[in-house]
Amino acid sequence: MSISQKFFCALLLLALSISPAAALTDKKIDISKLRGPKISELSMLIISNPDAQIMAAEAGELDIIGDIARPSDIDRLAKNKNLQMSIARGFHAFFLLLNNKKSPWDDAALRRAAAMSIDRSGIVRMIFSGYCEPINSWLPPVSPWAPAGGAQDIYDPQAARALLKKRGYSWNMAGRLVAPDGKEMPAMKLLTPLARVSPTTAELAQTIADSLSSAGFPVETEPMDFSTMINRLDRKDYSMAVLAWSMGRNPDSLYSFYHSSMDFDGGYNMTGTCDARLDRSLEALRGAPDEASARKAAREAQRALLELMPSIPIYSRFSVTAVSKKWKNIFTTESSTADNMWTLLAAEPRGGVGRPLTMLLPEEPRNLNPFTASSAYSWQALGVIYESLLTTDPYTLENMDAIASSWKVEAAGSGRARHTELTFKIKRGLRWNDGSPLTARDIKATVDFLRRNKIPRFFDAVKNIKRIETPDDHTLRVVMEDVSYWYLDNVAGLPAMPAKVVNAVRDWQNWDPLAGGGEAGPAGLIGSGPFMLKGYRAGEYLLFERNPHYRLLEGAVK
């Protein structure tokens with residue numbers, strides 16, 4: 255952590271008297287011995303209005319409210335004697351997306367000038383009161399793959415003006431940019447979520463628009479429904495937009511976001527980035543056989559991104575969460591606040607009286623089709639239903655067992671026949687939430703379905719698979735093209751579904767897993783995660799009940 259990052263954390267903790275995240279846990283939980291969930295029901299309350307969210311937490315209607323962004327809200331909840339607060343640096347990163355395929359953002363020099371015109375540190379002070387840290391790289395500062403010692407500050411308005419002049423741009427009497435051909439730059443729209451839903455993001459978007467307008471870029475914000483905005487980004491029907499990502503622990507996400515092969519409708523390359531040098535460095539990163547090679551490629555890719563500036567990094571937010579003191583065994587670490595899966599597994603009422611745990615869902619999920627759902631709100635719900643082969647140790651951030659009890663990665667062959675073999679041993683006694691047995695053949699059916707249909711959200715993880723084998727019900731062997739340091743995480747992180755479900759899906763794009771279930775819960779959402787959907791009332795709540803067959807329940811797995 256750099257000196258400035260330490261300062262931000264220290265200032266925040268001092269100002270609010272918030273304990274470091276790890277201090278909220280009664281004691282360090284031995285995750286290898288954890289048995290849960292302890293709660294029988296989980297309720298996700300859909301509350302879109304930020305003021306209503308805070309009032310619900312104060313009234314005791316919400317046991318967990320995470321992702322608190324407004325400084326005034328953090329101050330307010332920190333003073334509430336019935337709540338406990340946690341803070342952690344996470345893998346959040348917020349960007350200004352630029353459509354590299356459309357004028358004027360098809361000019362890398364213009365993109366760099368725009369980046370140099372935005373004062374990230376000023377934004378942090380003015381809007382967030384220090385509750386986040388400015389970023390100047392395409393990975394959040396907490397990432398071990400971010401530039402060593404922190405990236406150099408991009409903000410330099412004088413250099414931006416000099417660069418624009420060098421490119422032949424000038425300014426008219428009103429301060430608006432004039433292109434080298436003598437034409438005024440046309441007005442551009444900056445897509446942003448609605449202020450009533452995401453007030454801080456909307457304010458940030460307006461601040462960015464004002465900064466760019468002051469530099470001569472004629473920018474106006476265009477607020478809209480979040481799902482509509484995502485749809486436009488998927489189709490690249492935009493000029494500029496603001497969007498935050500949860501980046502994960504590995505830098506391999508840079509490939510998904512900026513490699514030219516990921517530029518398709520629904521793909522993660524929403525900026526339409528296409529550059530041969532960047533592609534080569536990202537391919538070297540994707541195909542790195544070991545950590546040393548991966549680190550070298552990651553450095554080169556980030557240097558290329560700095561020159562190309564396909565998107566503009568803005569800030570990484572500290573995660574702040576409030577939890578009712580009526581609950582114990584709240585699970586937190588230095589990089590994770592209380593609103594996580596481990597809390598849902600470990601939490602118990604302090605009074606010993608069983609009742610549902612309620613947590614905030616700040617936006618309607620709208621889409622619970624796991625093949626097309628793209629928003630964090632949809633996956634907050636789907637994430638408690640589905641599991642993957644492996645999960646992440648919350649303390650070390652290393653791989654740990656989940657559906658698979660063990661795994662092996664082997665490089666084999668030579669020349670063009672070089673490949674990687676991933677072998678997973680599936681735990682015995684696992685069952686889906688409907689009680690049917692979970693086997694390696696179910697996992698194969700899931701991956702085959704994703705490959706066969708080239709589903710955009712999972713395409714990057716499965717496109718290099720040559721074949722999948724299941725020698726028996728408890729062995730899954732995946733043969734990958736060539737060799738890559740990242741193949742294990744790509745395959746092991748896919749959501750697992752029963753073969754009987756995926757084999758029955760005929761139209762994955764329009765599949766409705768809720769069909770026929772109504773408020774009683776759907777037959778299509780069959781997973782192996784800790785909870786199963788019991789009821790869903792649009793605009794009000796999603797109600798989950800404990801999966802009686804979950805692997806971490808006492809006696810669930812042999």
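Here the sequence shown is numbered in our numbering, starting from 255 and rising by one per residue.
Every residue gets a Cβ at the ideal spot worked out from N, C-alpha and C, and that includes glycine.
Helix, strand or coil at tyrosine 795 according to DSSP, with G and I counted as helix: strand
Delimiting residues of the alpha helix (DSSP H) encompassing threonine 700: 694–707
Secondary structure of glycine 789, DSSP reduced to three states: strand
DSSP three-state assignment for valine 638, whether helix, strand or coil: coil
Beta carbon of proline 388 nearer than 8 Å to that of arginine 374: yes
Residue interval of the alpha helix (DSSP H) (run including valine 378): 374–382
Closest Cα partner of asparagine 801 within the set Tyr790, Met786 and Ala758: Met786
Coil, strand or helix - valine 759 by DSSP: coil
Beta carbon of tyrosine 739 nearer than 8 Å to that of aspartate 544: yes
For aspartate 655: DSSP bridge partner residues: Leu644
Reduced DSSP secondary structure (H/G/I, E/B, other) of threonine 455: helix
For alanine 656 and leucine 288, believed in contact at Cβ under 8 Å, the rounded distance: 13 Å between Cβ atoms; not a contact.
Euclidean distance between Cα positions of valine 732 and glutamate 808: 31 Å
Close beta carbons around alanine 459, own chain, < 6 Å, minus the five adjacent residues each side: Leu444, Thr446, Thr475 and Val496
Exposure label - serine 380; buried when at least 16 CB within 10 Å: It should be noted that the sequence gives methionine, not serine, for residue 380. Exposed, by the Cβ-count rule.
Contact with chain C by alanine 498, beta-carbon distance below 8 Å: The structure shown contains no chain C, having only a single protein chain.
Same chain, Cβ closer than 8 Å to asparagine 504, five either side skipped, listed in chain order: Trp399, Trp740 and Asp743
Test item: CB-CB of proline 453 and phenylalanine 382 under 8 Å: no
Exposed unless 16 or more other CB atoms sit within 10 angstroms - verdict on methionine 563: buried
Coarse secondary structure for proline 411, derived from DSSP in three states: helix
Burial state of tyrosine 512, where buried means 16 or more other Cβ atoms lie within 10 Å: buried
At least three beta-carbon pairs within less than 8 Å, the region 298–314 to the region 530–543: no
C-alpha gap between isoleucine 285 and aspartate 305, whole angstroms: 36 Å
Own chain partners of proline 411 with C-beta closer than 6 Å, once the 5 adjacent residues on each side are dropped: Ser371
Sequence-distant residues of the same chain with beta carbon closer than 8 Å to lysine 582, five excluded per side: Asp280, Ala601, Glu602, Pro603 and Arg604
Cβ pair count under 8 Å reaching 3, the region 480–493 against the region 684–703: no
Span of the alpha helix (DSSP H), counted from its first residue to its last, around phenylalanine 480: 480–489
Nearest to tyrosine 385 (by Cα), restricted to the options Ala551, Arg450, Lys282 and Arg571: Arg571
For glycine 520 and proline 710, believed in contact at Cβ under 8 Å, the rounded distance: 3 Å
Beta-carbon proximity list for phenylalanine 518, same chain, < 8 Å, skipping 5 on both sides: Pro710
Where phenylalanine 511 sits in the DSSP three-state scheme: helix
Where tyrosine 804 falls: helix, strand or coil (DSSP): coil
Cβ-based neighbour list, leucine 364, same chain, cut-off 6 Å, excluding 5 preceding and 5 following: Pro358
Counterpart residues of proline 440 in DSSP-defined beta bridges: Paired residues: none, contrary to the question.
CB-CB length for leucine 614 against alanine 635, believed under 8 Å: Going by Cβ atoms, the distance from leucine 614 to alanine 635 rounds to 12 Å, so no, they are not a contact pair.
Integer-rounded CB distance, given that serine 514 should sit under 8 Å from glycine 344: Glycine 344 to serine 514, Cβ: 29 Å. No contact.
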